[in-house]
Amino acid sequence: MSKEEIILKLMQLALKIESETDKCVFINYSGHVDSMEVRIAESKKNYNNWLYDSRIYFDECNFLEKFNKLCESLKRYL
């Protein structure tokens, strides 16, 4: 799976959580350090109350394993 496919999958999951729940999702890609951060807040109203926070670095040798764990964690919010 390419980095582009991983980013797309994470963005799709974030959008699905935003669309189907009252949770608020923040997702940031930082190209200069080749990483992506995903945060989930309690709601759009309580966006400072974090329920989940994770970051993956694409240059780590085990980033696919971390990506799979991240996806499983995000799916629990649906």
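Heads up: the sequence shown at position 78 corresponds to 77 in numbering that gives the first Met the number 0, and the numbers run straight through without jumps. Glycine is no exception: its CB is placed at the ideal position from the N, C-alpha and C atoms.
Check	Outcome
6 Å Cβ shell around K65 - same chain, five flanking residues per side excluded	I55
Nearest candidate by alpha-carbon position, reference K43, set C70, I26 and E17	E17
Other residues of its chain near M10: CB distance less than 6 Å, five sequence neighbours each side excluded	none
Coarse secondary structure for F25, derived from DSSP in three states	strand
Nearest-angstrom Cβ-Cβ length linking V37 and L77, presumed shorter than 8 Å	V37 to L77, Cβ: 14 Å. No contact.
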